[in-house]
Structure formats: structure tokens, C-alpha cells
Amino acid sequence: MANSDNSTRILVPAGALGSGVRADELESGLALNPHAIALDAGSTDSGPAYLASGKSKYSRQAVKRDLGLLMAARQKAGVPLLIGSCGTSGCDMALDWTLEIVLELALEQGSTPRIAVLYSEQDKALLKAKAAAGAVRPLAPMGELGGDSIDACLHIVALLGPEPYMAAVEQGADIVLGGRTTDTAVLAAVALLRGEHPGAAWHAAKIAECGGLCT
Numbered sequence: 024m025a026n027s028d029n030s031t032r033i034l035v036p037a038g039a040l041g042s043g044v045r046a047d048e049l050e051s052g053l054a055l056n057p058h059a060i061a062l063d064a065g066s067t068d069s070g071p072a073y074l075a076s077g078k079s080k081y082s083r084q085a086v087k088r089d090l091g092l093l094m095a096a097r098q099k100a101g102v103p104l105l106i107g108s109c110g111t112s113g114c115d116m117a118l119d120w121t122l123e124i125v126l127e128l129a130l131e132q133g134s135t136p137r138i139a140v141l142y143s144e145q146d147k148a149l150l151k152a153k154a155a156a157g158a159v160r161p162l163a164p165m166g167e168l169g170g171d172s173i174d175a176c177l178h179i180v181a182l183l184g185p186e187p188y189m190a191a192v193e194q195g196a197d198i199v200l201g202g203r204t205t206d207t208a209v210l211a212a213v214a215l216l217r218g219e220h221p222g223a224a225w226h227a228a229k230i231a232e233c234g235g236l237c238t
């Protein structure tokens with residue numbers, strides 16, 4: 024995607040989906056003509072329970088409220104909406120839970136967005152085969168990953184980078200729902216797709232990712 028604007032504007036309306044998107048701030052952001060709306064929906068700060076259970080940290084009502092505002096804003100602006108680590112953990116059931124809300128809202132709003140769904144949960148049999156083949160390396164101070172440890176996990180997710188989001192937007196997706204994703208990847212994706220310098224794109228994404236919570 025060629026960048027004919029000399030800049031890329033990504034609207035990041037909240038630090039996490041469900042934490043409370045403000046309609047007035049969303050409107051202010053839309054007035055700046057963003058190229059995309061992007062935000063994270065996950066966190067490891069709250070511990071592993073949400074990954075184990077597959078449940079969202081935020082209530083369905085809170086997530087639906089935020090999604091309703093974001094989907095309406097996306098349609099008004101005609102830009103893609105990217106959401107990473109859906110349902111807090113980004114496991115398959117959390118992603119499907121978010122998709123269900125999006126489809127419900129699309130019906131209520133009378134819209135027909137093109138939706139891309141990016142799964143990141145890993146198959147246990149594949150992981151055990153990789154571990155047995157020596158393709159899994161431990162991070163200190165952890166030891167080797169054994170089959171028993173893999174079997175004991177309820178959900179195992181990989182971290183998505185920006186590439187699947189970039190591909191989805193390039194193929195015309197209006198809404199991109201991602202499984203477990205690095206917080207910065209979902210924000211940097213469109214800037215990288217538009218040819219921005221990677222250093223600037225990643226640095227800006229890191230600031231925007233939770234910067235609003237610190238100012």
C-alpha cells in the first residue's frame with residue numbers, strides 16, 4: 024500500500040477493549056482523519072487465569088458497548104478496525120466470543136463489514152512433536168518443555184506479529200479480530216503496511232499502546 028500522505032494516523036481509543044471508550048474522544052480522533060482504528064484487548068498483567076479459563080477480564084456488556092462505538096466509527100470513517108488479543112487472552116474461545124459480539128452488533132447496526140479472524144492457539148500434538156525434535160528452546164531459568172507440561176495446559180497461544188493484520192487489511196478486511204498478539208503489533212500494522220519507517224512505526228505503537236493510561 025503506497026503512502027501518498029507522508030504520514031500515518033492511527034486512532035487508539037483505549038488501552039484495552041472493554042475498559043471504556045469515550046465517545047467524545049473518539050469523535051475528536053475521527054476529526055483527524057485516521058487511516059485506521061486499532062487497539063489491544065488483552066493483558067498478562069492480571070495473571071494467567073484468563074488464558075486458562077478462556078474468559079474475558081471485561082464483561083460482555085462492557086465489550087459490546089465499546090465495540091458498538093468502534094464499529095460505528097469505523098463505518099463512518101471508512102477505515103479498518105483492528106483488535107488484538109481478543110477476549111483478554113486471545114485464545115480461540117475468547118476470539119470466537121468477541122466475533123459473536125461483532126456479528127450481533129453488525130446485525131443491530133444494519134452493516135455488513137468484511138471480517139477477518141486471526142487464530143493463534145497452538146495444537147498440542149504439534150507442540151509435542153516440535154519439542155521432541157528439539158525445535159523448542161527454553162528461556163532461562165525454565166527447563167526443557169516436556170509433553171506432560173504441554174498436556175497440563177488448557178490453552179496455548181502464540182504471539183501474532185503485524186504480518187497477519189497487514190495481510191488482512193491488504194485483502195480488504197473492514198474489521199480484523201486477532202488472537203494473542205503483541206500489544207504493539209496491532210497498532211504498528213497499518214503504518215508498516217503504508218511504508219512507514221519500522222523504527223518510527225514500532226516506537227509510536229509502543230507509546231500509543233498504553234500511553235494514555237500514563238498521562
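All residue numbers for the sequence shown refer to the numbering used here, where the first residue is 24 and numbers rise by one.
Backbone N, C-alpha and C fix where the C-beta goes; we use that ideal spot for every residue, glycine too.
Residue pairing from DSSP places Gly65 in a beta bridge opposite Thr111. In terms of Cβ geometry, Leu128 and Gly91 form a close pair [threshold 8 angstroms].
According to the DSSP assignment, Ile230 belongs to the alpha helix (DSSP H) that extends over Pro221 to Cys233.
DSSP places Leu74 inside the alpha helix (DSSP H), whose first and last residues are Ala72 to Ser76. From the listed residues Asp63, Leu141, Ala148 and Leu215, the smallest Cα separation to Thr31 is found for Leu215. In its chain, beyond the 5 residues on either side, Ile33, Val35, Ala61, Ala228, Ala231 and Glu232 have a beta carbon closer than 7 angstroms to the beta carbon of Leu210. With contacts defined as CB atoms closer than 8 angstroms, Gly107 and Gly65 qualify as a contacting pair. Just so you know, the alpha carbons of Glu219 and His226 end up roughly 12 angstroms apart. Taking a 10 Å sphere around the C-beta of Gly41, we find 16 or more other C-beta atoms and assign the residue as buried.
Taking all protein chains shown into account, Thr205 has 16 or more neighbouring C-beta atoms within 10 Å of its C-beta and is therefore buried. Residue burial is scored here from C-beta neighbours: Pro164 has fewer than 16 other C-beta atoms within 10 angstroms and is therefore classed as exposed. Note that the segment 107-125 touches the segment 65-81; at least 3 beta-carbon pairs, one per stretch, sit closer than 8 angstroms. Assignment of beta-bridge partners to Glu144 by DSSP yields Val180. Burial check for Arg45: the Cβ neighbour count within 10 Å stays below 16, so the residue is exposed. A check of alpha carbon separations from Gly52 across Ala96, Tyr142, Lys87 and Ala72 identifies Ala96 as the nearest. In the three-state reduction of the DSSP assignment, Val102 falls in the coil class.
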